[in-house]
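Asks: In our numbering, the protein residues as written are 882 to 1370. Beta carbons: idealized from backbone N, C-alpha and C, even for Gly. After the structure tokens below, expect a handful of questions from me.
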């Protein structure tokens, strides 16, 4: 058992390291695109492009027919099933591409967004690549080949950045954002195919896919609903408040979700396959879940405290004065980002235990609540929408805690403490940074930004160390254990 535990720990460390590298490259690419294109494009153009990308994203959730997570979760998968899954995804992506292109004018009319059709038709080009790429990703995840997976992600991020900025230099228009997204999915699919060991022969049989169908059907629905829960707010803002408002909201939400993307290595790609291996060992699974929640709480609280405290300065310096209306929305959405970050391990647990049906219905509830929150909040403008999303996500979290207790016996209070222990220190850090902004020290903008960031880090680190030394030590040791060259004790 000790050898097995050590092996699993080494695999977890390798997974986190390589996923961290991939997440960092992707984050840098997205931030550079955001910073440069925000100065080249208007908020209305940003709103149009983000709407097209969001609609295509809904369809991307259908392209793998829900099969890829089933391929990771099941204990044994034959070569015929892999082949049928790949070609089913290829066919599904092509059908969805044709369908979305055909109804693009309908979306433009429904959302009252003039100029959406060409953007949506180009965004639909991502669909033939999305599904096959997920099958290759499933193979690499199943083998825990995270180095190869990370390499593909890095190359795709570089391609996306190159195409988006190149298009923007050529023509400063909304299509630059969409073209970058197409490049991301196309290169990602190609490189995952190269790095994967799958070399499937031509085969498409329902008999091969039937064992995966139940889990896959629920998972496909859950993925679409999950994506809808996280992106429907942008579409509704575009429909209810207009393209410019959608641009401000999109930029604020993209910035608010950057720490979440940075924390991705510790979440789904790593935890889902590892939790799946432990699904028959409830005690070890519960311990792993609590450690993951505590570590994520520490990291996400610190990152989101910094983002809250620096939001105003970042928007003025990086994006320009024209994006000032996005700042109050960004402040509110930092709360949403934190809640999503700490709840991600619970989503990984649901899938790892094969509870795709439960996950589907949770997402139905989440989507309904988020829709109601946006519709009600929109009457109070962008801030109302942001507050509505935060409240909606907070109200659904007790259900996740209840299910985790039912499945693996972890008390909800322990999970709540694991998720929230660092929040008081994050609040103190953000408050001190805000107070510093009130002082007139005659500093230039970059100096003020750096000083505020240093103050925020010191306050968060010092207060958490003084009052929660044991948890901080455990979190730091957990991180150090995953660094290159470290071996678990």
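#1: Going by alpha carbons, who is nearest to residue 1235 out of 1262, 982, 1157, 983?
#2: If I measure Cβ to Cβ from residue 1230 and keep anything under 7 angstroms in the same chain, skipping five residues before and after, which residues do I get?
#3: Name the two residues that bound the continuous alpha helix (DSSP H) containing residue 1020.
#4: Assuming residue 1236 is part of the alpha helix (DSSP H), what are its boundary residues?
#5: Pull up the CB-CB distance for residue 1131 and residue 1115, whole angstroms please, since I reckon it's below 8 angstroms.
#6: When DSSP labels each residue in this structure, what does residue 1078 get in the three-state scheme?
#7: Quick one: what does DSSP say residue 1110 is sitting in, helix, strand or coil?
#8: Of the residues 1025, 1027, 980, 1182, which one's Cα is nearest the Cα of residue 1009?
#9: Could you check which residue in 1350, 1136, 1027 has the C-alpha nearest to that of residue 1216?
#10: Alpha carbon to alpha carbon, how far is residue 989 from residue 995?
#11: To the nearest angstrom, report how far apart residue 843 and residue 1308 are at their CA atoms.
#12: Taking Cβ to Cβ, would you say residue 1113 is nearer than 9 angstroms to residue 1251?
#13: Could you spell out where the alpha helix (DSSP H) holding residue 1051 opens and where it closes?
#14: What is the rounded straight-line gap between the Cα of residue 1353 and the Cα of residue 1343?
#15: Quick check on the burial criterion: 16 or more other C-beta atoms within 10 angstroms. Buried or exposed for residue 900?
#16: Between residue 1074 and the rest of its own chain, which residues show a CB-CB distance below 6 angstroms, the 5 nearest in sequence each way excluded?
#17: Which two residues bound the contiguous alpha helix (DSSP H) that contains residue 960?
#18: CA-CA distance, residue 1341 and residue 1188?
#19: By DSSP, does residue 920 sit in helix, in strand, or in coil?
#20: Counting only the same chain and skipping the five closest in sequence on each side, list residues whose C-beta sits under 6 angstroms from that of residue 1271.
#21: Among residues of its own chain, excluding the 5 on either side of residue 1185, which ones have a beta-carbon nearer than 7 angstroms to its beta-carbon?
#22: Using alpha carbons as the reference points, say which of 1176, 1288, 986, 1260 lies closest to residue 1159.
#23: Curious, which full-length alpha helix (DSSP H) runs of at least 4 residues does the stretch 1133–1175 contain?
#24: Could you have a look at residue 1188 and say whether DSSP puts it in helix, strand or coil?
#25: How many angstroms separate the CA atom of residue 1167 from the CA atom of residue 1290?
#26: Quick check on this structure: which residue in 1152, 1294, 1297, 971 has the alpha carbon closest to the alpha carbon of residue 1071?
#27: What does a CB cutoff of less than 6 angstroms around residue 986 pick up in its chain, not counting 5 residues either side in sequence?
#28: Less than 9 angstroms separating the beta-carbons of residue 1065 and residue 982?
#29: What is the C-beta distance between residue 1045 and residue 1248, in whole angstroms, given that I count them as a contact (C-beta under 8 angstroms)?
#30: Just the C-alpha distance for residue 1259 and residue 1267, rounded to the nearest angstrom, thanks.
#31: What did DSSP end up calling residue 947 once you bin it into helix, strand or coil?
#32: Let me make sure I understand the geometry here. Which of 1223, 1212, 1264, 1277 has the alpha-carbon closest to that of residue 1240?
#33: Thinking C-beta only, is residue 1110 closer than 9 angstroms to residue 1244?
#34: Would you mind working out which of 1060, 907, 1162 sits nearest residue 1033, comparing C-alpha positions?
#35: Can you look up residue 1084 in the DSSP assignment and give me helix, strand or coil?
Replies: Reading off the structure:
#1: Locating residue 1235 in the chain shown gives position 354, where the first residue counts as 1. Measuring from the Cα of residue 1235, the nearest candidate turns out to be 1157.
#2: Sequence index remark: in the chain shown, residue 1230 carries index 349 (1-based). Excluding residues within five positions, the ones whose Cβ falls inside 7 angstroms are 1156, 1170, 1285.
#3: As a working mapping, residue 1020 is identified with position 139 in the chain shown. 1008–1023 is the extent of the alpha helix (DSSP H) around residue 1020.
#4: The count along the chain shown starts at 1 and reaches residue 1236 at position 355. Where residue 1236 is concerned, there is no enclosing alpha helix (DSSP H), given that its DSSP letter is neither H nor E.
#5: Numbered from 1 along the chain shown, position 250 holds the residue referred to as residue 1131. Numbered from 1 along the chain shown, position 234 holds the residue referred to as residue 1115. That belief holds up - the Cβ atoms of residue 1131 and residue 1115 are roughly 6 angstroms apart, short of 8 angstroms.
#6: Taking the first residue of the chain shown as 1, we reach residue 1078 at position 197. Three-state DSSP puts residue 1078 in coil, outside helix and strand.
#7: Taking the chain shown and counting its residues from 1, one reaches residue 1110 at position 229. Helix, per DSSP.
#8: Working through the chain shown from its first residue, we reach residue 1009 at position 128. Of the listed residues, the one whose Cα sits closest to residue 1009 is 980.
#9: Position 335 of the chain shown, counted from the start, is the residue given in the question as residue 1216. Ranking 1350, 1136, 1027 by Cα distance to residue 1216 puts 1136 first.
#10: Within the chain shown, the letter at position 108 stands for residue 989. Within the chain shown, the letter at position 114 stands for residue 995. Roughly 6 angstroms between the two C-alpha positions.
#11: No answer is possible for residue 843: the residues shown for the chain start at 882 and end at 1370.
#12: Residue mapping note: residue 1113 aligns to position 232 of the chain shown, counting from 1. Residue mapping note: residue 1251 aligns to position 370 of the chain shown, counting from 1. Yes, the Cβ-Cβ distance between residue 1113 and residue 1251 is below 9 angstroms.
#13: Counting from 1 along the chain shown, the entry for residue 1051 is found at position 170. Run containing residue 1051: 1027–1051, per the alpha helix (DSSP H) assignment.
#14: Taking the chain shown and counting its residues from 1, the one referred to as residue 1353 is at position 472. Taking the chain shown and counting its residues from 1, the one referred to as residue 1343 is at position 462. Each residue's alpha carbon lies about 10 angstroms from the other.
#15: Along the chain shown, read from residue 1 onward, the residue named residue 900 stands at position 19. Residue 900 comes out buried.
#16: Position 193 of the chain shown holds residue 1074. Result list for residue 1074: 1017, in chain order.
#17: Here residue 960 corresponds to residue number 79 of the chain shown, with the count starting at 1. Residue 960 -> alpha helix (DSSP H) spans 960–983.
#18: The residue given as residue 1341 occupies position 460 in the chain shown. The residue given as residue 1188 occupies position 307 in the chain shown. In a straight line, the C-alpha of residue 1341 is about 13 angstroms away from that of residue 1188.
#19: To locate residue 920, count along the chain shown from 1; it is residue 39. Three-state result, residue 920: helix.
#20: Within the chain shown, the letter at position 390 stands for residue 1271. Around residue 1271: 1216, 1217.
#21: Taking the chain shown and counting its residues from 1, one reaches residue 1185 at position 304. For residue 1185, where only same-chain residues beyond five positions count, the Cβ hits under 7 angstroms are 1140, 1215, 1218, 1219, 1307.
#22: Stepping through the chain shown from its first residue, residue 1159 is reached at position 278. Nearest of 1176, 1288, 986, 1260 to residue 1159, Cα basis: 1288.
#23: 1139–1143, 1149–1158
#24: By one-based count along the chain shown, residue 1188 stands at place 307. Residue 1188: helix per DSSP, three-state reduction.
#25: Working through the chain shown from its first residue, we reach residue 1167 at position 286. Working through the chain shown from its first residue, we reach residue 1290 at position 409. Spanning the two alpha carbons is a distance of roughly 7 angstroms.
#26: By 1-based counting over the chain shown, the position of residue 1071 is 190. Ranking 1152, 1294, 1297, 971 by Cα distance to residue 1071 puts 971 first.
#27: Within the chain shown, the letter at position 105 stands for residue 986. Taken in chain order, the residues that qualify are 998.
#28: As a working note, residue 1065 is residue 184 in the chain shown. As a working note, residue 982 is residue 101 in the chain shown. The answer is no: Cβ separation not under 9 angstroms.
#29: Taking the first residue of the chain shown as 1, we reach residue 1045 at position 164. Taking the first residue of the chain shown as 1, we reach residue 1248 at position 367. Actually they do not touch by this definition, with Cβ atoms about 30 angstroms apart.
#30: Stepping through the chain shown from its first residue, residue 1259 is reached at position 378. Stepping through the chain shown from its first residue, residue 1267 is reached at position 386. Cα to Cα, residue 1259 sits roughly 9 angstroms from residue 1267.
#31: Taking the chain shown and counting its residues from 1, one reaches residue 947 at position 66. If DSSP states are grouped into helix, strand and coil, residue 947 belongs with coil.
#32: For the purposes of this step, residue 1240 is taken as residue 359 along the chain shown, with counting starting at 1. Comparing Cα-Cα distances from residue 1240 to each of 1223, 1212, 1264, 1277, the minimum goes to 1277.
#33: On the chain shown, residue 1244 is found 363 positions in, with the first residue counted as 1. On the chain shown, residue 1110 is found 229 positions in, with the first residue counted as 1. Yes, the Cβ-Cβ distance between residue 1244 and residue 1110 is below 9 angstroms.
#34: Mapped onto the chain shown, residue 1033 falls at position 152. Closest option to residue 1033, Cα to Cα, is 907.
#35: Residue mapping note: residue 1084 aligns to position 203 of the chain shown, counting from 1. Residue 1084 falls in the coil class under three-state DSSP.
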